[in-house]
Amino acid sequence: MNPLGEKYLRKDFLPFLFCPGCGDGMIVQAFLQAVDDLGCVDDLALTAGIGCSAWIGVYMHVDILKVLHGRAIPAAIGIKATNPSRKVVTFTGDGDCLAIGGNHLLHAARRNIDMTVVMVNNQIYAMTGGQVAPSTAVGSKTQTTPYGNLERQLNGCKVAIAAGATMVSRWSTAHPKQLIKTFKKALNHKGFSFIEIMSQCPVQTGRYLLGSGSPQFNFQWLKDHCMKEEDPSKWAEIEAQGNIPVGDFLQVEQPEFMAEVARMNQRVKEAQAKGGDR
Amino acid sequence: MNPLGEKYLRKDFLPFLFCPGCGDGMIVQAFLQAVDDLGCVDDLALTAGIGCSAWIGVYMHVDILKVLHGRAIPAAIGIKATNPSRKVVTFTGDGDCLAIGGNHLLHAARRNIDMTVVMVNNQIYAMTGGQVAPSTAVGSKTQTTPYGNLERQLNGCKVAIAAGATMVSRWSTAHPKQLIKTFKKALNHKGFSFIEIMSQCPVQTGRYLLGSGSPQFNFQWLKDHCMKEEDPSKWAEIEAQGNIPVGDFLQVEQPEFMAEVARMNQRVKEAQAKGGDR
Amino acid sequence: MKKGRIKVMLGNEACVEAALLAGCRFYGGYPITPATEILEIMSRRLPLVDGLCLQMEDEIAALVAVVGASWGGTKAMTATSGPGFCLMQEAIGLAVAVEAPCVIVNVQRGGPASGQSTSTAQGDFYQARYGSNGDYSLIVLCPSTAQEMFDHTIKAFNLSERFRIPVIILSDEVVGHIREKVFIPDADQLTFVERKVPTVPMEEFVIFKPEENGVPLMPTFNTGYKSPVISQAKSLNGNRGNAKEAVENIRRIVSKIEDHMDEFAEVQVYGDEKAETAFVTFGSVCRAARSAVDMGKEKGLAIRSVEVKTVWPFPDHLVRRALAGAKRIVVAEMNLGMLQREIERVIRQPEIKIELFSKIGGIYPQPQEFLRFLEEKR
Amino acid sequence: MKKGRIKVMLGNEACVEAALLAGCRFYGGYPITPATEILEIMSRRLPLVDGLCLQMEDEIAALVAVVGASWGGTKAMTATSGPGFCLMQEAIGLAVAVEAPCVIVNVQRGGPASGQSTSTAQGDFYQARYGSNGDYSLIVLCPSTAQEMFDHTIKAFNLSERFRIPVIILSDEVVGHIREKVFIPDADQLTFVERKVPTVPMEEFVIFKPEENGVPLMPTFNTGYKSPVISQAKSLNGNRGNAKEAVENIRRIVSKIEDHMDEFAEVQVYGDEKAETAFVTFGSVCRAARSAVDMGKEKGLAIRSVEVKTVWPFPDHLVRRALAGAKRIVVAEMNLGMLQREIERVIRQPEIKIELFSKIGGIYPQPQEFLRFLEEKR
Amino acid sequence: MRKEIIFTGFGGQGIILMGVIIARMMEHFPDLQVTQAQSYGPASRGGACRTDVVISDQQINYPKSSRPDVMIFMSEEARKRLLSEADPEKTLVIYDNTLIKEIPTAYKKTFAVPATGEAEKEFKNRMVANIYMLGATIELINPGSFDVLKKIVASSVPKKFEELNIKALEAGYEYYRTHKPAESPAASR
Amino acid sequence: MRKEIIFTGFGGQGIILMGVIIARMMEHFPDLQVTQAQSYGPASRGGACRTDVVISDQQINYPKSSRPDVMIFMSEEARKRLLSEADPEKTLVIYDNTLIKEIPTAYKKTFAVPATGEAEKEFKNRMVANIYMLGATIELINPGSFDVLKKIVASSVPKKFEELNIKALEAGYEYYRTHKPAESPAASR
Amino acid sequence: MKGAERIEIDRRYCKGCMLCKYICPCDVYDLGQERSDLDYLMPHVARIENCKVCGLCEQHCPDMVLTVVAKKKGKEKE
Amino acid sequence: MKGAERIEIDRRYCKGCMLCKYICPCDVYDLGQERSDLDYLMPHVARIENCKVCGLCEQHCPDMVLTVVAKKKGKEKE
Ligand SMILES: Cc1ncc(C[n+]2csc(CCOP(=O)(O)OP(=O)(O)O)c2C)c(N)n1
Ligand SMILES: Cc1ncc(C[n+]2csc(CCOP(=O)(O)OP(=O)(O)O)c2C)c(N)n1
Ligand code: SF4
Ligand code: SF4
Ligand code: SF4
Ligand code: SF4
Ligand code: SF4
Ligand code: SF4
Ligand SMILES: [Mg+2]
Ligand SMILES: [Mg+2]
């Protein structure tokens, strides 16, 4: 264990169940670094769904509720609703978040409830062995698209923006420094933040999509294909070249849901004290 | 029955279960007019979910599969998948489509499967008696937001665009002519089209949101608040005034899913005939 | 007699009233007839007590949010009807697996599928017990009056906290939509159970080690225990368990309830307890059966009506006792014969045929029909 | 003997092979261990026969798309495991209500909730029958070998078409993931049932009027009948029904199956049909029980093993017959006692205790343990 | 004493509210039990709509009406579908004769109230027909409780419609006083 | 005749494939039945991984191994967890001695194969250790079927790795020929 | 100029919403006294001579029960 | 200039992914011969003298098992 691990990991849960060279472990580390920098470990409450990436939070010694496939966001809402001062963070995979869980993303974003969704995008369903995900590129051969994927990608960041998220970023495991910074920004953002992290999965994505199961190769692939570009109007071009725009895309201030709830409750109780029933 | 009704309605299902002055009946008529103009009634196959608006298609004498709340789109996909030459149209409410069914909208749009989703937006859950919908304006008092709605609206058109729909329009029941034209465009569009129709619900929306249960008042409200504006950059301004942009927002050509499937099957079978197994 | 007040209330309203008294402060819901009033009234009432009522995007999100709120340290509930109850099944399993106390109301309507949204039915009898995957157990209570809607809701919260499980109130349209007088005891006249939280230092605490009563202490997220809570079969420390640990985990979450049934199981008998003719009923049908018993009495017919109040875990023992000596057993229910199967299982006397008086399609049985059934089928 | 070929296949693969032979041309699915191979193999095979395999966004969409495809006029199926099976419950009710023939495979894994994804279990026994809301019925088949995965899949398609219902293949991880020799008869050696479509003029056709066999003709969307198909309780012409019509509709969709059980119900007996000691099993446990019967025989113990192949509607009659004369009945299953309850219900002799040999946690029972159970519990 | 009353009409007329008001009144009668049960079609307006109120001095088990003492019809469709539930000899059949042409003479006890017509004519608002009807029938339902009824009506309608409703209620009561049926069945049982 | 073989190691070594290949071979032996059952942990790599193959001239009911004739260990963790399933007297314990230091002497029948070491050294590819191991053990599993095995291996791996795998297979077989255990248990039962 | 020969309102299904009356630019309708089969007060065609057969009422009728029958050509001048 | 006193690799959990070796700009690591407790070949710290204590290897190690211990200040000149 390195010192960060010594400080924050659940020793009795080790080793990580991730495969050798999996990006998920790197995300554990980057997140803990951000938490350490902010000194906010006691404020955290995490949720997760089902998938490899859903295990990221389990190894951290903080409150975590790991629920059903696709349902990490409503679980987070329940926790936040009852503990408004906690920093609630959801770890979810691209399948977990965009396939089965897509609707919850829309609705959490539109509510602008103060929480952070960290979506780990390894471009595949890894846990179940390499099936196509909504994030898999057109043409890719996976275990369920043996002749090439015909479905266009769902762009989590675009969807989050359309639904009303007030902070949206995308980075990769090859950007640990930026990632740490963005984590910190999100942890302090008042509202709904969405962070997509491109992450290597040597075993499934590597093997089926990229043609190599080597961790190094897969890590390098991310380095080569993630290009910083924060202007949405330039994304199409980058994407057309098979590359992935990364950066801090959006951060705006909007009324936050739990704060609005508190204001409403206050107002309603005052009105009632005055005798009106509405 | 007027002549259009005589020609196309299921006589033994009448009367419509809609309340007096409900916009849903006007949508039946406008849709049938479009179908009549195109002469495509035999090509149609409809699906619907649950809600007042979900009954729109039931009265038309065409194939219709009315399924579960929120699930009209996957039902349509199953029908289209097995009958690629049919014109498949889904009638769905704002709750049906954007609340419980939001995820299916995302995925049908990204697939660009050739079908039309007609989302009837009466800004409320009408069938169940006037609860808040994702389309209800902030501040509105409904049966489940007695102190005012705190959740920001989900904009179906924006979401459909972000997810990859290739045709997107919004009109209202106060625009029957434009609606008929847009229906015709959608019925001929090769790909996923999304049509949002602002519609009056005098009984729930009228009563709870707009303060009058009069059909005329509610109809006039739509006339007054729907403003033609097809440039997305100007929407925010219109919306800030409490108005609703309408128009034909988007139409582009992209590879259509069922056509791609057919090409793939062809290719794969040819490869197999040549002896390769992939 | 208890102190309190009397109010004419909708069954669904009585449920809300009781939930608030029991300390419910989070409600996650989704509208559906005939349960919608619970959500609507909650949305009016919860803000007044600093609670939160959320209309979620669907029933799945509703129950998962309830589970989140429960682990957040709050008493929480949801309500729905058949189609929504289907959607909640996976999350019911979740609540069982993560041992999150919560209350789920199913105000039954006609099925299958969309069925008959405004009509009553009792077709979710087995679904309430077995609708989720795998081995599990939970408690299901069946009220028949607005008063019982109130009483059972208090009981449901207490049992959910006592056992750390989802408790289901299996009501139906008749009970949810009836308006009648409800006695609301003053809060100090009632007993409220609260989940037990750990007090030992974090390092010494083993998250899923049961106390004597089979239930582990609950380190909710407001206690500072930094709890790992996963939906998989787990070992005592909360990590994924191996096969042996999985066995222990599953057996424990089932037996913590089934070994303590005498704490809560309830079967009532109305009418002549020694009568040879017995009706067996649950939920709203109890009421019609009672009237039938009364009518029978007027006509000189001795009848008992056995009312199963806690239908799951099925109280074999109590039902057997309540039916002891009965020669003719008629199960009356608004489905095609579900409770009947349990009675067949429990009353293993081949000479007694377990008859079924079944009403479906939303048609609530009339007392006269019970008596007619007894005559005609004789 | 039938003509055909022998191939070593995974149980899940045998299922696909049979489905394609039976004419399945649409598959809507979502990956989940241990059912994923069915989706994966379908995605390779269907394009070769001009079919379509769609990985949908979730299990709800998967089954609803299957129902759509079925009404589209195509034989269609899906497969899943516990958590996904939960999500499909509402749409199972839909398939029942709109009488859409389809096949649903549940390759069981450990529950509750996420449970043990890679381990076997039989905890969805009741869920398969009662997981959806309201009164309904459907057929559930339980294979125990890769060969039965094949045979039951053919049978499932045939029954689904015959009765216009969803047929569930309740398999488990052991059967889904076993590889063994499967005999694949040539297509002309098999019988395939196709749904009956109407031929009368559209105006004369009444969409939900049953034929003699209780099943209405199916005017699928490729027949030109302009069919109105709603998920509500309906009248014969397809419109929302009143109470009376609802009763008729619901009774019919249940009795069309339950009145014709002799067409498909299947219970097998392995070993000594007259033995006083009987195991009762279903699914993969049948195999271990057979080995136990053989081992017992070697030791001079006479045992019969009663294998319930079609578990729903539960074949009371056949099971009673297969158990006639048994003095000691041990139900062996990988759950905490589900089949046991049905046996208790069916064998109403108070002197016979229905014993339970239960293995959970993903631990497949060894034949020796059956014998040990017989000795120890004596 | 058990009295069963059925209110019926179509959705949107406020039929259910009539039952609710009667039920809520009973909070003021400690010795009486009450149940009010409703059933309605799926659409919010139109469709038959019905509520059963039972008043008794005993615990009420069966909460629906099986041999109604009073039936109040407020639409022609409701009359068509539900009149058969009335006992021609015993049931007092009250009907809105603006909407219902006639009741077969087989029904011995009847009382016609032009609630909708009066509401439209006198109050320019069909929505108060139900309250008018309540005023006209309260003496037949629970004699001597008009004052309680007035209180409950006032608290059951939005503030801004309170005056209108009370006026309609009083007009209905007046109609009763001037037109009441010969024999009051409420007194007779 | 019933022969039970267990292959075990960790995820990613291709343990399951070894069982699959043996099972598929049996298509070429009409008189033999075969079952291959597997179990593995949730992650795709790491975690214990195991497959049971049963070969018999009778119908195979119980498809798992309860008293294995042969066990093949390809990781230290697998040895730790599963060696207890071996019968010290009867089970032939085969192990990859690159990864497994030793087998307690209580186990009478053992055979060490440096599969991973050879794969790394000779073929610069750990991924073929399993095929090497198959080559080294086929005579102990199903004597005389090396040619069938070769055919099945060729059709079980991607075209571009076919040659490599066949070489590894042959190298394993060669290792067996030169190092085979004194008594062949396959022959002895 | 076009004119209406007659305007048919299908009394089986009219729900008296009066959108026809509201939308008519030529003040053809009044609120009537007659009730449809569904118990609603129907519109009354009070001033058919005003009708320009613009079709708006027919197009807006939510129950599709309204038919404006134009005068036959040649009849116009009568 | 900074230097490493030692580099610790926790053999209980190292999975031999060699991302440390890959990311190191100073060629400090070789593929080793020793196996971790999880049966993977671990990296070998072959040229510790090259190490600039940039921390990249530690930050990139997906199993958080790697610790670069910098020389204490003052020791640098030794
Ligand atoms: C309801 C349900 N359906 C399916 C599954 C099976 N399942 C587990 S993880 C997973 C996909 C995970 O993919 P992703 O979210 O991308 O996570 P990754 O493993 O790639 O990190 C699936 C389909 C499940 N557990 N529950
Ligand atoms: C699973 C499920 N949840 C809830 C319902 C209840 N329900 C029926 S319609 C409806 C809302 C309809 O609103 P919308 O889609 O906007 O249609 P509208 O009635 O407004 O046209 C709801 C919540 C249901 N039928 N099924
Ligand atoms: S399968 Fe992929 S994502 Fe999952 S642990 Fe392995 S490398 Fe990571
Ligand atoms: S409730 Fe509203 S949407 Fe529904 S039928 Fe009535 S007016 Fe139309
Ligand atoms: S618009 Fe149609 S339904 Fe409405 S009043 Fe006019 S004719 Fe009747
Ligand atoms: S056709 Fe035009 S002018 Fe004539 S009645 Fe209708 S709306 Fe008025
Ligand atoms: S990066 Fe970490 S896990 Fe990978 S080889 Fe280096 S020390 Fe081991
Ligand atoms: S700290 Fe930097 S220089 Fe030193 S070993 Fe690690 S990566 Fe190489
Ligand atoms: Mg993924
Ligand atoms: Mg709506």
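Residue numbers (numbering that gives the first Met the number 0), protein chains in the order written: chain A, 0 to 277; chain B, 0 to 277; chain C, 0 to 377; chain D, 0 to 377; chain E, 0 to 188; chain F, 0 to 188; chain G, 0 to 77; chain H, 0 to 77. Every residue gets a Cβ at the ideal spot worked out from N, C-alpha and C, and that includes glycine.
Does any residue of chain D bring its CB to less than 8 Å from the CB of residue i?
i              : result
residue 268(B) : yes
residue 67(A)  : yes
residue 173(F) : no
Indicate whether at least one CB of chain C lies closer than 8 Å to the CB of residue i.
i              : result
residue 335(D) : yes
residue 65(E)  : yes
State yes or no: is the beta carbon of residue i nearer than 8 Å to at least one beta carbon in chain H?
i              : result
residue 160(F) : no
For residue i, count the other beta carbons within 10 Å of its own beta carbon; 16 or more makes it buried, fewer makes it exposed. Which is it?
i              : result
residue 79(A)  : buried
residue 186(E) : Bear in mind that a pLDDT of 38 at residue 186(E), under 50, signals an unreliable position, so the number given afterwards is only what the model happens to contain. Answer is exposed; the Cβ neighbour count stays below 16.
residue 212(C) : exposed
residue 172(D) : buried
residue 140(F) : buried
residue 386(C) : Any question about residue 386(C) goes unanswered here, given that chain C covers just 0 to 377.
Can you list, in chain order, the residues of its chain with a C-beta nearer than 8 Å to that of residue i? Leave out the 5 residues immediately preceding and following it.
i              : result
residue 268(C) : 303, 304, 305, 306 and 321
residue 330(C) : 278, 279, 280, 336, 338, 339, 342, 353, 354, 355 and 356
8 Å is my cut-off, CB to CB: does residue i come that close to chain B?
i              : result
residue 170(C) : no
residue 75(C)  : no
Suppose the cutoff is 7 Å on Cβ atoms and the five residues either side in sequence are ignored; what does the same chain contact list for residue i look like?
i              : result
residue 64(C)  : 27, 53 and 55
residue 159(D) : 100, 101, 102, 165 and 166
residue 0(B)   : 8
Beta-carbon within less than 6 Å of residue i's beta-carbon, same chain only, minus the 5 sequence neighbours each way: which residues are those?
i             : result
residue 96(C) : 230
residue 6(F)  : 14, 17, 18, 50 and 71
Can you check whether the C-beta of residue i is within less than 8 Å of a C-beta belonging to chain A?
i              : result
residue 215(D) : no
residue 226(D) : no
Is there a C-beta anywhere in chain G that falls below 8 Å from the one on residue i?
i             : result
residue 82(E) : no
Can you give me, in chain order, the residues of the region 8 to 39 of chain F that have a beta carbon less than 7 Å from any beta carbon in chain H?
9
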